[in-house]
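Visitor:
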Amino acid sequence: MSESPLGRPALWPVLRLRCPYCAVESLRKDGSWFDFKAVCPRCHYKIERENGYFTGASWMINFPVTGTLAFLLVVVLYLGAPSLGSMGIAAVTSLFTFAFGIWFFPFSQSLWLWMEHSLHPLRDEDRVAPQGPKD
Ligand SMILES: [Zn+2]
Numbered sequence: 000m001s002e003s004p005l006g007r008p009a010l011w012p013v014l015r016l017r018c019p020y021c022a023v024e025s026l027r028k029d030g031s032w033f034d035f036k037a038v039c040p041r042c043h044y045k046i047e048r049e050n051g052y053f054t055g056a057s058w059m060i061n062f063p064v065t066g067t068l069a070f071l072l073v074v075v076l077y078l079g080a081p082s083l084g085s086m087g088i089a090a091v092t093s094l095f096t097f098a099f100g101i102w103f104f105p106f107s108q109s110l111w112l113w114m115e116h117s118l119h120p121l122r123d124e125d126r127v128a129p130q131g132p133k134d
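Residue numbering for the sequence shown follows numbering that gives the first Met the number 0, starting at 0 and increasing by one per position.
(1) Below 7 Å CB to CB, which residues in the same chain sit around Asn61 once its five sequence neighbours on both sides are set aside?
(2) I think Val38 touches Lys45, with their Cβ atoms under 8 Å apart; what is that distance to the nearest whole Å?
(3) I want to check one thing, is the minimum distance from the CB of Glu47 to the heavy atoms of ligand 3 below 7 Å?
(4) In or out: Trp111 buried (at least 16 other Cβ within 10 Å) or exposed?
(5) Decide if Leu76 is buried, meaning its Cβ has at least 16 other Cβ atoms within 10 Å, or exposed.
(6) Starting from Ile101, follow the alpha helix (DSSP H) in both directions and report where the run begins and ends.
(7) Can we count Arg41 as close to ligand 1, meaning its CB is less than 7 Å from some heavy atom?
(8) What number of angstroms, rounded off, separates the C-alpha of Cys21 from the C-alpha of Cys42?
(9) With a CB to CB cut of under 7 Å and the five nearest residues on each side skipped, what residues in its chain are close to Arg48?
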């Protein structure tokens with residue numbers, strides 16, 4: 000197995016939603032919380048390697064993390080604020096789960112990208128030719 004020309008993906012930039020190779024470019028499209036760019040404009044590699052690439056991010060990262068935190072929140076509220084009652088705890092947990100799941104969505108995608116790239120380093124077909132300046 001040959002080493003990627005860009006080296007191994009770094010975790011710290013991914014946690015800040017930055018490219019794991021150049022650590023400069025945002026993974027997200029400008030003005031969007033959910034959509035990732037198709038290509039890193041600096042590294043010229045495809046961020047979404049194939050159609051449905053980020054499906055695993057929801058199933059393997061977002062849902063388990065959000066569900067675990069929601070469960071822990073239920074336990075904390077049940078033990079720490081029993082006066083809320085079961086409906087109050089359910090309401091608080093539902094709001095938290097909804098808000099956290101949306102907020103965490105791009106982080107689950109970037110973590111998925113980092114894990115996938117750590118297991119399957121970039122190949123030549125994952126890169127696109129750099130675009131020259133437009134006239
Ligand atoms: Zn990059």
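Note that beta-carbon positions come from the ideal geometry of N, C-alpha and C, so glycine has one too.
Computed from a predicted model, the values in this text were never measured in an experiment.
Guide: Per the coordinate set shown:
(1) The beta carbon of Asn61 sits closer than 7 Å to those of Gly100, Phe103, Phe104, Ser107, all from its chain and outside the five residues before and after it, given in chain order.
(2) 6 Å
(3) Among the ligands present in this structure, namely ligand 1, ligand 3 is not found.
(4) buried
(5) buried
(6) 84-118
(7) yes
(8) 7 Å
(9) The residues are Asp125.
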